[in-house]
Structures are given as C-alpha cells and as structure tokens.
Amino acid sequence: MKNLIDICDMSKNEITELITLANDIRANPEKYAEKCKGKKLATLFFEPSTRTRLSFEAAMYELGGNVLGFSEAQSSSAAKGESVADTVRAVSCYADIIAMRHPKEGAPLVASMTAGVPIINAGDGGHNHPTQTLTDLITINNEKGRLTGHTVGMCGDLQFGRTVHSLIAAMSAYEGTSFVLISPDELKIPDYVREDMIEKNNISCIETTDLESAVPRLDILYMTRVQRERFFNEADYIRLKDSYILTPDKLVSAKPDMIIMHPLPRVNEIDVSVDDDPRACYFRQALYGKYIRMALILNLLGRV
Ligand code: NCD
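All residue numbers for the sequence shown refer to my numbering, where the first residue is 528 and numbers rise by one.
Okay, structure coming up:
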C-alpha cells in the first residue's frame with residue numbers, strides 16, 4: 528500500500544495485519560519508540576479537527592518521529608489561492624508522509640497524484656474517512672472479539688457523515704454483517720453507498736427513522752453528529768440537529784453486550800449520562816485511533 532485514500536484500498540488481510548500491529552504497539556510501546564526516528568509527518572488540515580490531527584501527531588511522536596503542518600486553511604497558502612496539487616508537491620520536499628483533511632471530496636486523491644510521499648486521507652468533505660474507519664474496526668474487533676456477524680446500527684446524519692460511508696464500505700466485506708440505518712428521511716445514506724456497497728454485496732439492511740425500536744436487535748450502535756458544515760441552509764440544520772438523543776432509558780432494551788460508538792465530536796446526540804455505561808466505548812475508541820495510526824504510519828513508511 529502506498530497511500531490510504533479510501534478504505535476499499537485495503538484488503539481484509541491488510542486490515543487484520545494492521546490491527547494486529549496496532550495491538551502489539553499498544554502492548555509493547557517501547558519496541559516501537561524509535562521506529563520513525565528522523566522521519567517527519569506533515570499534517571495538512573484544511574478543515575477543523577481535534578482527534579484525527581492530534582492522534583496522528585501523537586502517533587508520530589510515539590514512534591520517535593517529528594511533525595509539521597497547519598491546522599487551518601487560512602494559515603496556509605491555500606488562502607492565497609494555491610492548489611492542493613502544488614501544496615503537496617512542495618510539502619513532499621519537507622516531509623516523508625502526509626495526512627490531509629480537506630472540505631472537498633476527492634482532494635486527497637488529487638494530492639496523491641502529485642505528491643512524492645505517501646498521502647493519508649484524514650477526511651474529505653462528506654465522502655470518506657478511512658483512518659476513522661480503521662479506528663472503528665480495531666474498536667469493534669477488540670471490544671466484540673471479532674469483525675464478523677454483527678448487526679450494526681448507524682444513527683444520525685447518514686447523508687453527510689463521511690465516517691458512516693467508510694464504515695459501511697468496510698463492514699460490508701465481513702461475513703454476517705447486517706445494517707440498521709436510522710436517520711431522518713432527509714439524512715439517509717447517499718444512493719452510491721446503498722447501491723455500490725450494500726446492495727452489490729447482498730447485505731441485509733433496514734432503513735428506519737425510529738431509534739428506540741431498532742435498539743434491541745443491535746450488536747453495535749454507531750451514533751453520529753448532524754454535520755452542520757455540510758448544510759446549505761442553517762434552518763434545516765436547526766430543524767434536524769436534535770433528531771436523536773441517546774439517553775439511558777433508550778438503552779434499557781439494548782443487548783447487555785451491545786457497544787455504543789461515536790467518532791466524536793458529539794454535540795447533543797449522546798447524553799453525558801450514558802458515558803458511565805460500560806457499553807459506551809467512544810473514549811476508548813479515541814485511544815485506539817492513536818495505535819491504529821501508529822500502525823498505519825509504520826506500514827506506509829515501510830518500517831514494519
Ligand atoms: C469525524 C469527522 O471528522 O468526520 N470526526 C473525527 O474525525 N473523529 C466525525 C464528525 O466530525 O462528526
């Protein structure tokens with residue numbers, strides 16, 4: 528693998544290997560502390576981020592490498608009108624690997640065509656977010672013991688939520704996966720996700736607007752934020768933003784071993800009173816994100 532632009536760039540075997548490596552890093556961090564000595568990661572973030580950028584940076588530091596970059600488009604030459612292709616071509620002179628987030632769908636793919644170093648898509652518009660998906664997969668694997676045979680409920684903004692699109696693509700490859708897609712009618716998954724991933728793979732899938740009646744059948748409940756920045760109209764956002772709020776009473780009928788995930792940041796969609804439920808694993812999920820990114824950097828730099 529040279530770049531990670533789309534989760535479909537990785538085979539199931541490659542994903543399993545990456546999870547195994549991430550778990551070894553987690554268990555034996557000292558073994559990896561100097562693996563990227565002398566190497567530099569550039570984080571080019573044209574859109575806001577907390578976990579993705581900081582977990583990439585922490586990952587590189589914990590591998591003994593260094594980090595450079597910017598965290599907003601306004602502080603880069605994009606503000607002067609520079610193209611993404613030119614920016615990454617220049618940054619390839621300064622860094623050994625680039626993690627990039629951009630509001631335009633496809634920007635990291637374009638970047639990978641001119642970059643001289645590996646490009647990692649750290650989120651492109653409402654399209655994809657493959658490293659969040661790797662984070663989600665290691666979380667599911669470690670918390671549930673396997674990646675096969677799960678009924679996965681995804682709730683919230685399924686139209687614009689890029690983490691949802693990438694996770695559906697990835698989970699569709701595992702035997703026995705079925706989906707329950709819970710959203711307002713206006714925020715259903717895009718047709719290309721339904722057709723190219725779910726229908727093409729003959730995956731069982733139910734679409735509903737009702738969270739409470741869906742909960743009892745789920746092995747995994749993946750909550751998401753309504754993606755305000757992707758709306759054309761603020762009034763629509765305000766009308767839809769609180770469509771689902773997970774509270775302890777809605778979990779009474781859930782399976783005792785159902786896990787509750789969220790890519791974070793949350794706004795209102797999971798009440799803080801749920802955080803103490805042992806099934807809530809979104810902060811553990813954030814930690815797994817660092818280990819899987821360490822494994823990914825090692826892999827792309829050929830330092831495994
Ligand atoms: C997600 C994203 O950026 O798409 N955040 C993240 O990377 N953990 C989810 C979101 O912003 O809602």
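Glycine included, every Cβ here is placed at the ideal spot set by N, Cα and C. Owing to the predicted nature of the structure, the values given are computational and were not obtained by experimental measurement.
query                                                                                 : result
Met698 and Thr690 closer than 8 Å at C-beta                                           : no
Rounded distance between the beta-carbons of Thr662 and Tyr559, thought under 8 Å     : Actually they do not touch by this definition, with Cβ atoms about 18 Å apart.
Segment limits, alpha helix (DSSP H) that includes Tyr764                             : 761-767
Cβ-Cβ distance between Asp772 and Asp798 below 8 Å                                    : Note on identity: in this sequence residue 772 is Ile, with Asp being the wrong assignment. Going by C-beta atoms, Ile772 is nearer than 8 Å to Asp798.
Secondary structure of Ile532, DSSP reduced to three states                           : coil
Beta strand (DSSP E) segment containing Ser705, residue limits                        : 705-709
Pair within 8 Å by beta-carbon distance, Leu708 and Gln686                            : no
Bridge-paired residues (DSSP) for Tyr749                                              : Met681, Met788
Cβ-heavy atom distance, Gly650 to ligand 1, below 7 Å                                 : yes
Continuous alpha helix (DSSP H) stretch holding Leu545: start and end                 : 539-554
Closer than 7 Å: Pro717 CB and nearest ligand 1 heavy atom                            : no
Rounded straight-line distance, which links the Cα of Leu548 to that of Gly829        : 13 Å
Inter-residue spacing [alpha-carbon to alpha-carbon] between Tyr554 and Gln601        : The sequence shown places Ala at residue 554, rather than the Tyr named in the question. Spanning the two alpha carbons is a distance of roughly 39 Å.
Candidates Lys817, Leu825, Ile824, Asn728, of which the one nearest Thr666 by Cα      : Lys817
Where Ser604 falls, given that 16 or more other Cβ within 10 Å makes a residue buried : exposed
Ile647 - DSSP class collapsed to helix/strand/coil                                    : strand
Span separating the alpha-carbon of Asp712 from that of Lys768                        : 13 Å
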